[in-house]
Amino acid sequence: MRGQMWRAMAAEGVPWPSRMRCRRRVDLPVWACRRFCWIPRHAPRRLLPPWRKRCGRAMCHCRTATRAPSAVRCAALACSQEGRGAMRESRAVSLGAATVVAVEGRALFLRAVRYVVGFWWLATGLIIAMQRSAPTRFLALIVATWLMCAGYWEIWSRRHDADARAALRSFLGGAAIWAWVSVTFYGGWIIGVAPSAGPSGLPMAMPVAMPSVPSWAAAVLAIRATIFSDVTALGCTALAYALVHRAPNKAGANGVLAFWGMQQIAKLAVFFGVENPAGNFLPPHLAHLRQFFGPPVNSPFVFVGIALCALCAAACVRRTRRAPTEAARQEAAMLAVLFGLAVLELAILGVRIDPGFWNPFLAARAGS
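Residue numbers (my numbering): 744 to 1111.
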């Protein structure tokens, strides 16, 4: 570790031979904990730099121990007063793989919340409202197809960019692709093998009693009922990954995969049983899918799904602090918000409460 520290400082041209003297404190914001950090007063002497050991611990004034890499601490200690002033003005400085950032994390999450939550609410509401009639479903398909093509273009054109804006646009491109998948499903264009069909060719609703325990036979029928939509979603995901193969910016492709994974978790939760399956979100031409809803009690899988999504969100939050590029940190922040929304959705499925997020869109679909 110490050898890597010295090599990193030498590679960056830090004037350490003439400036290795003790500073009373380092007033440099460190990304590791996002607040002002100093060398700890009670740190073991073997953890202190050589010039610190000569000065002793009496000069080490601190309030909290930093978890930043050693190279970052040495850079903060070794640079001159002018250099530290420049760091405070620019709010960020990079030393090899270690990055010192002041307020970037807050900006990343604010941007992610604004765009991801906005897309989640608006896209879901518009998809619901556009199922009002056959002409509106066809119009939604045309618009969604155009957005899907634009999304693939964004993913491909931004694949080599490593800034936060490129990651944001690539992620929104992946979200547009997933919107097309959702429109084809809720519009009845790409669904699966229906149990039966009515005179108009659309699947007939077959209300049956909800089973107390889901069976394997019911699981096979449920998979067949949506198999075409699932295969289409996997094909769209594979195409997105093919466009960004060996490229640094994979935010869009990872976003499509995250949307698909969240959908599978929600479908399994509804199949095994939840207290609030939200069957009113299904349009009339998909009413036959209600026969695959599990019993109206929460199954253990609901809590497993919540825990899994929470772990994914925590892993993405951790990556926002450790990713080497700005694009990777922005992508991790957006995925963290997305998995947080998945936790919220599963929690809503598990309680008998209608949050009313999309009531205006449901009223528009009903024509009221």
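From the three backbone atoms N, C-alpha and C, an ideal C-beta is built for every residue, glycine too.
If you follow the alpha helix (DSSP H) that residue i is part of, which residue opens it and which one closes it?
i: G868; result: 861 to 872
i: I970; result: 970 to 986
i: Y895; result: 877 to 900
i: Q1034; result: Premise fails: Q1034 is in no alpha helix (DSSP H) and is neither H nor E.
i: R1065; result: 1043 to 1065
i: L1011; result: 994 to 1015
i: E1069; result: 1069 to 1092
i: R908; result: 907 to 929
i: N1102; result: 1102 to 1109
Just to confirm, are residue i and residue j a CB contact at a threshold of 8 Å?
i: A968; j: L1032; result: yes
i: L1089; j: V1045; result: yes
i: F914; j: G998; result: yes
i: N1019; j: R1095; result: yes
i: F711; j: L1092; result: In the structure as shown, the chain begins at 744 and stops at 1111. Residue 711 is therefore absent and cannot be evaluated.
i: P1038; j: G1016; result: yes
i: Y929; j: L853; result: no
i: Q1073; j: A910; result: yes
Below 7 Å CB to CB, which residues in the same chain sit around residue i once its five sequence neighbours on both sides are set aside?
i: L865; result: none
i: V856; result: V1080
i: W923; result: A887, T888, L890, M891
i: S925; result: I870
i: W932; result: L884
i: G1110; result: R875
i: A1075; result: C1059, R1062, T1063, A1066
i: D1097; result: none
i: W1101; result: T867, G868, I871
Looking only at its own chain, which residues have a Cβ that is under 6 Å from the Cβ of residue i, when we skip the five neighbours before and after it?
i: E1069; result: D906, A907
i: L945; result: Confidence is the limiting factor: at L945 the pLDDT is only 44, short of 50, which leaves the residue's position unreliable and the question unanswerable from this model.
i: M873; result: T879, A883
i: R989; result: none
i: V859; result: M1077, V1080, L1081
Considering only the alpha carbon of each residue, which of the options lies closest to residue i?
i: F1002; options: P1027, A937, A1085; result: A1085
i: G995; options: M1077, A1056, L882; result: M1077
i: H903; options: R880, A1071, F1100; result: A1071
i: P1103; options: F1024, S1042, A1066, Q1073; result: F1024
i: A960; options: F881, G1022, G978, F1014; result: F1014
i: A918; options: A937, A962, R880, T867; result: T867
i: G1099; options: F881, A1050, A1021; result: A1021
i: V881; options: T927, A976, V860, L1087; result: Here the sequence assigns Phe to residue 881, which means Val is not the residue at that position. Residue T927 is the option with its Cα nearest to F881.
i: K1010; options: L977, A962, G978; result: A962
What is the C-beta distance between residue i and residue j, in whole angstroms, given that I count them as a contact (C-beta under 8 Å)?
i: T980; j: L851; result: The pair is not a contact, with the Cβ atoms about 24 Å apart (cut-off 8 Å).
i: L1000; j: I898; result: About 12 Å separates the two Cβ atoms, so there is no contact after all.
i: S692; j: I1008; result: No statement about residue 692 is possible, as the shown extent of the chain runs from 744 to 1111 and does not include it.
i: G1048; j: A1012; result: 5 Å
Please list, in chain order, all residues of the same chain as residue i whose beta carbon is under 8 Å from its beta carbon, the five residues on each side excluded.
i: Y895; result: G916, I920, L982, A983, L986
i: F1082; result: A1001, M1005, C1052, A1053, C1055, A1056, C1059
i: R912; result: E897, R901
i: V936; result: R967, A968, I970, F971
i: A977; result: The residue asked about is misnamed: residue 977 is Leu in this sequence, not Ala. Once the five neighbours on either side are set aside, the close Cβ partners of L977 are W1003.
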